[in-house]
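Chemist:
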Amino acid sequence: MEELTALKRCMEEELPDGWEELPGIPLYMDQVVSYLAGQMISFEAGEGLTPAMINNYIKDGLVERARGKKYEQEHLAALTAVGVLKQVLSVRELKVLMEIGGELGDTREQYEYFRQSLSQALKDTAGQLEADLPQSDLPKLVLSLALRSYASALACRRVLAVMAEQSGHKELLEQGKKKRAK
383 MEELTALKRC
393 MEEELPDGWE
403 ELPGIPLYMD
413 QVVSYLAGQM
423 ISFEAGEGLT
433 PAMINNYIKD
443 GLVERARGKK
453 YEQEHLAALT
463 AVGVLKQVLS
473 VRELKVLMEI
483 GGELGDTREQ
493 YEYFRQSLSQ
503 ALKDTAGQLE
513 ADLPQSDLPK
523 LVLSLALRSY
533 ASALACRRVL
543 AVMAEQSGHK
553 ELLEQGKKKR
563 AK
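In terms of the numbering used here, the sequence shown opens at residue 383 and continues consecutively.
1. Is the distance from the Cβ of Leu418 to the Cβ of Leu461 below 8 Å?
2. Going by other Cβ atoms of all chains shown within 10 Å of its Cβ, with 16 needed for buried, is Gly550 buried or exposed?
3. Would you call the segment 424-433 in contact with the segment 482-499, where contact means no fewer than 3 C-beta pairs closer than 8 Å?
4. I'd like to confirm the pairing. Which residues does DSSP put opposite Lys452 in its beta bridges?
5. Closest by CA to Glu385, which one among Arg539, Gly420, Gln557, Asp514?
6. For Ile440, I'd like the list of residues in its chain whose CB is within less than 6 Å of its CB, leaving aside the five on either flank, ordered along the chain.
7. Take Gln557 as the anchor and find which of Ser472, Arg449, Val541 has the nearest alpha-carbon.
8. Give every residue of the same chain whose Cβ lies closer than 8 Å to the Cβ of Leu404, excluding the five residues on either side of it in the sequence, and list them in chain order.
9. Are Ala546 and Val464 touching if we call contact CB-CB under 8 Å?
10. Buried or exposed: which applies to Leu486, given that a residue is buried once 16 or more other Cβ atoms fall within 10 Å of its Cβ?
11. With a CB to CB cut of under 7 Å and the five nearest residues on each side skipped, what residues in its chain are close to Thr387?
12. Ile407: which of Lys452, Met422, Leu554 sits nearest, CA to CA?
13. Enumerated in chain order, which unbroken segments of the alpha helix (DSSP H) with a length of 4 residues or greater are wholly contained in the segment 407-434?
14. Identify the continuous alpha helix (DSSP H) that holds Ala537 and give its terminal residues.
15. Between Pro398 and Gln421, how many whole angstroms is the CB-CB distance? I'm expecting something under 8 Å.
16. Based on Cα-Cα distance, which residue from Gly443, Leu389, Gly450, Glu395 lies nearest to Phe425?
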């Protein structure tokens, strides 16, 4: 199936720019939005980050404020990671992950680890896509991918909760739960 072949190739080959490929000059917001659109795999228009979303991530403490309305490599790296991870984690969960991750190295090291992990996850998933899969087997493939996603999200949230508790960030996760319960 041509579409699966294209998807597989995309997942195996496309990856956000490495640290060295991130723009070395500061960018204004409209340039950031355009740049980030090319950083993530997307099949539909309008899936990227908007200026309002970026401003909200700054207010929520996920990304540092721009320096004089200009965004640098650190901002682009953080926004790329947030753009991918927001598909799976809540803002509170992202904040906990980023705060704990901040203790593990500088922004460049964290970003390169993010890229390596994303690359491996994409390749693992691409490995499940068979170009010659009959149309009648697509529902089974979708179910299998959905269940893997569920299992990964379940494990991710539990490990994050354990990590938050052990590192003294449990209150951040609890605040998010209290807001959702209201």
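Ideal Cβ placement from N, Cα and C applies to all residues, glycine included.
Modeler: Checking against the coordinates, here is how it stands:
1. Yes, the pair counts as a contact, with Cβ atoms nearer than the cut-off.
2. Of the other Cβ atoms in all chains shown, fewer than 16 fall within 10 Å of the Cβ of Gly550; this residue is therefore exposed.
3. Flag = no, the segment 424-433 and the segment 482-499 do not touch.
4. Arg449
5. Asp514
6. Arg447
7. Ser472
8. Gln455, Leu458, Ala459
9. no
10. exposed
11. Excluding the 5 residues flanking it on each side, Thr387 has same chain C-beta neighbours closer than 7 Å at Ala513, in chain order.
12. Lys452
13. 411-419
14. 520-549
15. 4 Å
16. Ranking Gly443, Leu389, Gly450, Glu395 by CA distance to the CA of Phe425 puts Leu389 first.
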